[in-house]
Amino acid sequence: MSDSPYHDDHGNKDATITNKAGMGTMTPAHRKSGKTQYVGGGPFLIGDSMTGGYGKGPDILHDCTIAVDKGEIAVIVGPNGAGKSTAMKAVFGMLDVRSGSVRLDGEDITNLSPQDRVVKGMGFVPQTSNIFTSMTVEENLEMGAFIRTDDFSDTMEQVYDLFPILKEKRNQPAGELSGGQRQQVAVGRALMTKPKVLMLDEPTAGVSPIVMDELFDRIIEVARTGLPILMVEQNARQALAIADKGYVLVQGQNAYTGTGKELLADPEVRKSFLGG
Ligand SMILES: Nc1ncnc2c1ncn2[C@@H]1O[C@H](COP(=O)(O)OP(=O)(O)OP(=O)(O)O)[C@@H](O)[C@H]1O
Ligand SMILES: [Mg+2]
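The opening position of the sequence shown corresponds to residue 274 in the working numbering, with each subsequent residue numbered one higher.
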């Protein structure tokens, strides 16, 4: 037997796992970014009349519109499977819209990749897998700043001011945190790019009512700094209570749209979506 572990007959000898030419041949999951066009007008961020689904699958969204204006919180509610997350992903460029458009600050960004939308100022916290559990809290925040080439220590301090518990736990693996604290990491991570608009998909999922209230308070605080927030919420009543604009989605379509107050007062919306 050889002393060196590298000279005996162990290990993979099948070279087909490598690519000798040294050039990737895979097609990227997301098509390359296309051009944008200034069109002006309209809300600050809008997914306008979006129709589309996943890959070559059937349409999930049918002429669906969601939007948020400067200084506002817009909330999307609706039953499970209604397409709320799909609509958010469409706005972020994670699925092809077959018709309709996405515009940010007057610019048509329908053909941009998600990465380029981040560069344009979109911050997105997806519903699931929104943190790196094996990395520390601080490493998660650093990852959030990946597109920045400037000094981001001030932004990190701002995130720690907003979520003091994260500063306390900054050297702990994020996976060891409670549900509510993980959501704070996810929101903090998104804030690290200094976005112009923040998109949150169910930021209070799986947390206790007390933690939910606290997260809502923090979200309102973020909105008051002037950052528009477009968010999906399953706690419809509480979310509509803080919403400037509300959307009820059903089967990929806009069922009701109005101010948060209007929707909370609407007998049909109350009966069907708010438990009476
Ligand atoms: N990655 C995917 N590939 C194919 N179909 C998907 C995918 N994600 C979701 N869907 C389908 O799209 C539809 C809408 O799902 P979506 O997750 O957008 O609903 P939702 O309103 O966010 O629901 P929930 O309240 O449970 O989060 C469902 O029929 C779902 O099965
Ligand atoms: Mg969802």
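We treat Cβ as the ideally placed atom computed from N, Cα and C, and that holds for glycine.
Source: prediction; values computed, not measured.
Residue closest to residue i, alpha-carbon to alpha-carbon, out of the options
i	options	result
Asp-342	Val-348, Gly-326, Pro-316 and Lys-544	Pro-316
Ala-516	Ala-340, Ile-333 and Thr-324	Ala-340
Gln-454	Thr-409, Ser-374 and Glu-345	Thr-409
Asp-478	Asn-403, Pro-540, Lys-534 and Gly-499	It should be pointed out that residue 478 corresponds to Ala in this sequence rather than to Asp. Checking every option, the nearest Cα to that of Ala-478 belongs to Asn-403.
Met-485	Arg-497, Leu-522 and Asn-508	Asn-508
Lys-308	Gly-344, Thr-383 and Lys-544	Thr-383
Asp-424	Lys-467, Val-505, Val-392 and Leu-471	Lys-467
Pro-446	Gly-499, Ser-407, Arg-491 and Val-542	Ser-407
Gly-396	Lys-440, Lys-362 and Gly-379	Lys-362
Ile-438	Thr-428, Ser-451, Ser-426 and Asp-427	Ser-451
Met-429	Met-465, Thr-422 and Asp-378	Met-465
Val-432	Ile-502, Val-495 and Tyr-327	Val-495
Gly-533	Gly-379, Ala-512 and Glu-541	Ala-512
Asp-378	Thr-498, Ile-319 and Lys-440	Ile-319
Arg-376	Ile-492, Lys-329, Ile-493 and Gln-310	Gln-310
Beta-carbon proximity list for residue i, same chain, < 7 Å, skipping 5 on both sides
i	result
Gln-526	His-335, Asp-336 and Cys-337
Pro-278	Interpretation of Pro-278 is limited by its pLDDT of 49, a score under 50 that renders its predicted location unreliable; the figure taken from the coordinates is listed afterwards. Within the same chain, Pro-278 has no close Cβ partners at all.
Gly-366	Leu-385, Ser-386, Pro-387 and Arg-390
Arg-543	Gly-549
Bounding residues of the beta strand (DSSP E) (the contiguous stretch that carries residue i)
i	result
Ala-528	526 to 531
Ala-347	346 to 350
Ser-322	318 to 325
Lys-480	In the sequence as presented, Lys is not what sits at residue 480; that position holds Val. No beta strand (DSSP E) holds Val-480; DSSP gives it neither H nor E.
Thr-338	334 to 341
Asp-474	470 to 474
Asp-502	Per the sequence shown, residue 502 should be read as Ile rather than Asp. Its beta strand (DSSP E) spans residues 502 to 505.
Gly-417	Here Gly-417 belongs to no beta strand (DSSP E); instead the alpha helix (DSSP H) covers 410 to 417.
Whether residue i touches residue j by CB criterion (7 Å)
i	j	result
Pro-482	Gln-456	no
Asp-381	Val-312	yes
Arg-371	Gly-314	no
Phe-436	Gly-461	yes
Val-458	Gly-351	no
Gln-348	Gly-519	It is Val, not Gln, that sits at residue 348 in the sequence shown. Yes, Cβ-Cβ distance for Val-348 and Gly-519 is below 7 Å.
Ile-333	Gly-354	no
Glu-411	Arg-443	yes
Gln-400	Asp-474	yes
Arg-575	Leu-536	Residue 575 lies beyond the stretch modelled for the chain, which goes from 274 to 549, so this question has no answer here.
Cβ-heavy atom distance, residue i to ligand 2, below 6 Å
i	result
Ser-358	yes
Gln-524	no
Gln-507	no
Gln-400	yes
Own chain residues within Cβ distance below 6 Å of residue i, not counting five before or after
i	result
Asp-321	Thr-338, Gly-373 and Ser-374
Asn-413	Ile-404, Phe-405, Ala-447, Val-458 and Arg-462
Thr-530	Tyr-520
Leu-503	Val-341, Ala-347 and Met-472
Leu-500	Leu-471
Met-323	Leu-334, Cys-337, Ala-363, Val-370 and Gly-373
Ligand 1 heavy atom lying under 6 Å from the CB of residue i
i	result
Gly-519	no
Ala-447	no
Gly-373	no
Gly-354	yes
Ile-502	no
Tyr-311	no
Residue i: first and last residue of the uninterrupted alpha helix (DSSP H) it sits in
i	result
Ser-374	Per DSSP, Ser-374 belongs to no alpha helix (DSSP H); it is in the beta strand (DSSP E), 372 to 377.
Leu-450	Neither: Leu-450 is in no alpha helix (DSSP H) and is coded neither H nor E.
Gly-365	According to the sequence shown, residue 365 is Phe rather than Gly. Unbroken alpha helix (DSSP H) run through Phe-365: 357 to 365.
Ser-312	For the record, residue 312 in the displayed sequence is Val; it is not Ser. Unbroken run through Val-312: none, as it is neither H nor E.
8 Å Cβ shell around residue i - same chain, five flanking residues per side excluded
i	result
Glu-541	Tyr-529
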